Structure formats: C-alpha cells, structure tokens
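Take a look at the structure set out below.
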Amino acid sequence: MTNSIKIIQPDDWHVHFREDEMLSVVTKFSSRVNRRCIAMPNTLIPITSSHQALNYKNLIQMNSGKKDFEALIPCYLTENLNIEDFEYSLQKNIFIGGKLYPNNATTNSEFGANNIKNIYNIFEILEKHKKILLIHGEINRNEIDIFDREKYFIDEELYQIRNTFKDLKIVLEHVSSDYGVDFVKTNNNIAGTITPHHMLLTKNDVFNNNDINPHHYCMPVVKNETDLLALRKAACFNNTKFFLGTDSAPHHINDKRKNNSFKAGIFSAPSSIELYASIFEEENALENLETFSSINGPKFYNLELNKSYLTLHKKSMNIPEFTEEGDIKIKNFFANKNINWQVL
Ligand code: NCD
Ligand code: ZN
39 MTNSIKIIQP DDWHVHFRED EMLSVVTKFS SRVNRRCIAM PNTLIPITSS HQALNYKNLI
99 QMNSGKKDFE ALIPCYLTEN LNIEDFEYSL QKNIFIGGKL YPNNATTNSE FGANNIKNIY
159 NIFEILEKHK KILLIHGEIN RNEIDIFDRE KYFIDEELYQ IRNTFKDLKI VLEHVSSDYG
219 VDFVKTNNNI AGTITPHHML LTKNDVFNNN DINPHHYCMP VVKNETDLLA LRKAACFNNT
279 KFFLGTDSAP HHINDKRKNN SFKAGIFSAP SSIELYASIF EEENALENLE TFSSINGPKF
339 YNLELNKSYL TLHKKSMNIP EFTEEGDIKI KNFFANKNIN WQVL
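To convert a position in the sequence shown, counted from 1, into my numbering, add 38.
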C-alpha cells in the first residue's frame, strides 16, 4: 500500500480569486499547494488591460504568503478591447492568453462577446503570438437545455474556431461532458481542464426533490454518470491532453441562493489536490496524478515544469464545513466528508 506520494508541485490552471476581502481570504488556499495559478479575469470590473492585469497579479501574489507563487492572468475578451494594449500585453507576457466568456454564460460574463465572430480578430492575434485561448464553452440560449450547453457550443462555435485558426492553442475549460472529452481528444491543439467536482457529482446531487442544492450548483452544471466516468477516464488515463483546473469559485454563503436566483460556483481550493488524489486512487491511477497535476499543463502552456515537489500522505482528513474569516463565510466543497489524502 502506498502511504505517501511525491509529485512535482502542481499548478492550478483555473481559479477565481475575486477581489477585496474575499481575495485576501481565499488566495492562501490555492498557494498552499500550487506553484502557479491562472487567476480568472471575471472580476466585477473585468480584467481587460495591461494595467489592471499587473495590479491584479501583484495583489494576488502579495496575498499568497509565498515568495515563489505566481498568478497568471488571461485577458477577459470583449468586443471593444483596446487591441494595441492587448497585443503589447501578450508580447510582454502580462497576459498569458485570452478568456472567452460567451455573453451571460456564467458569473460576471455580461461583458463577454455577444457574437463570437466579432472577436475573431482577437483570436488571430493570439494565434500570431502563440498565446492560449481559454474558453468557457457553453451557449446559453433559452431554448437550449442546461445540460446540452457545452455540446451546442462545440457544434455551433468551437468546430468553426478550430477550423479557422488551426495553429491557435485552445483550452476548453472545465470540460463537463463525454461529448466535450471526445472533442478534446480528437482535435489538434486543444486541451481541457477538469475540476474535482465534475468527477465527483452528478445532476442528482444538484437537482432533487424539486430543489436545487446551491453548493453543488456551478457552470457548466454537473451532468450524468456517463459524463462523470468519461471525465475520470480522461483525467486519470489520457496521455497529455487534460490537466488540473479546479474552477474553485467562492461565493459568500448568503449570495449562493437569494430568492430564486443562484450564484454558480463551487469552492474547492481548501482541499483541491487531496480531492484529485482520492479520485486518482479510486481509479487505481495514482501513478498518473503528477502528469495531470504538474506536467500536462505547463507543457501545453509552453512553460517550465516546477522545480519544487509536494508530498501527499495517506491520512484521513475531514473537510470543515465553512471557510470563515472576518465578514467572509464560504461553504467548502465536500464539507464534512472524509478524504484519504493530506498535505501536511
Ligand atoms: C465561475 C464564477 O463564479 O466566477 N462560476 C462557475 O460556476 N464555475 C465562473 C465560471 O468559471 O464559469
Ligand atoms: Zn471558472
């Protein structure tokens, strides 16, 4: 029996750090185990300029409490981006790439593109500078079933983006369906991040007894058992194309459900790598954890592998119900449940 595993220090390629007090409370959880994190730019005022990106990066790094922790920022792509500043930021590595949020697909996405064709000029610039396009891959037209939003995005938009910009490297963020897994596997220059919650929950954990569990509600929504199994297989056994991205997305507990509206997002940062380790163990694939958590991501982003290591110990840990500090109170993912791995 394996009692501990030592892996190259992981990176988390999809995290929401938010702003203000929330930022100062949540940052230390991601910097606890990761060397680098992609800090998603969907803040209340979206991160669209070099100036904002540098400030945000510094703020996160200062709050991390770790000297070598690095926040990487993608630009929030809008239809009226300052193209000159954007190109300058790519050249200077201020932006790691660009994040496409289809309009109103998720939290703070109201600045996202209404018509994705209107930002094809930006994709061309990303391709030219060999930078990454990160995609929230959902279409949210009213008539589309919430469980089919990823599939529709792939069929209506992603095939076309893929075929138009053949050299553009794309990350399909938080892949949530077997259809999405297949698309990533069978196309070139595309990779996918996979969250712990999409490998642990199905729709019954969100929707039951005519109610919604707000703490399991996220975008894209978790789906069926077949999707969960496809994601587990992709993360645990699929070569190079999938890597770690928690999509840890904290919301204050009072905001998660207000009357009949729900904020999407699951906060998993306090036990992220431990959850992944448990899943890989369940799949008898612990020997592949490092590839997923620490190798595939930097390779796809064309960055160096981390030089530091992290050791996980086989030791049961109970996840506390809340993260609470000052005015902030967030429900933790997997609250009150035990997991078998710990970083001491
Ligand atoms: C994220 C958030 O809250 O910012 N929410 C979510 O449900 N995942 C945004 C996102 O990544 O879609
Ligand atoms: Zn996200």
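Heads up, the beta-carbon is just placed ideally off N, CA and C, and yes, glycines get one too. Computed from a predicted model, the values in this text were never measured in an experiment.
First through last residue of the beta strand (DSSP E) which encompasses residue i
i    : result
A109 : E108 to L110
T361 : F360 to E363
N101 : Careful: N101 lies outside any beta strand (DSSP E), inside the alpha helix (DSSP H) at S88 to S102.
F281 : F280 to L282
N334 : Run containing N334: none in the beta strand (DSSP E); it sits in the alpha helix (DSSP H), N334 to F338.
Cβ-heavy atom distance, residue i to the ligand NCD, below 6 Å
i    : result
G135 : no
G303 : yes
H54  : yes
C75  : no
A287 : yes
C256 : yes
T144 : yes
Proximal residues to residue i (C-beta, below 7 Å), its chain only, five neighbours per side dropped
i    : result
P16  : Any question about residue 16 goes unanswered here, given that the chain covers just 39 to 382.
D265 : S214, S215 and D216
F330 : A273, F280, F281 and L282
F372 : S309, L313 and I357
T40  : L324 and K352
I182 : Y190
A302 : T144, T145, Y255, C256 and M257
Cβ-based neighbour list, residue i, same chain, cut-off 6 Å, excluding 5 preceding and 5 following
i    : result
G150 : Y139, P140 and N141
N146 : N80
F338 : A229
H236 : S214, V260 and L269
D285 : H52, H212 and T233
E363 : V63
S69  : S102, K104 and F107
I98  : F55, T65, A77 and A109
S332 : I45, I46 and P48
Residues that residue i bridges to, as DSSP identifies them
i    : result
V209 : L172 and A229
C75  : D50 and A109
Y347 : I46
R295 : F300
K369 : F360
I250 : F245
I83  : Beta-bridge pairing links I83 to no other residue.
Y114 : K137
Run of the alpha helix (DSSP H) containing residue i, from where it starts to where it stops
i    : result
A272 : E263 to F275
L238 : Premise fails: L238 is in no alpha helix (DSSP H) and is neither H nor E.
K166 : Y158 to K166
I317 : S310 to E320
I182 : I182 -> no alpha helix (DSSP H), and no H or E assigned at all.
N201 : Y197 to T202
Distance cut-off 6 Å: residue i Cβ against heavy atoms of the ligand ZN
i   : result
M60 : no
M78 : yes
Cut-off 8 Å between Cβ atoms - residues of its own chain near residue i, not counting five sequence neighbours on either side
i    : result
N356 : N374, K375 and N376
I317 : P234, M237, L238, R270, A273 and C274
N292 : K367
F300 : I250, P252, Y255 and K294
E319 : N378 and W379
Min CB distance residue i to chain C below 7 Å
i    : result
P336 : Annotation note: the requested chain C is absent from the structure, which comprises a single protein chain.
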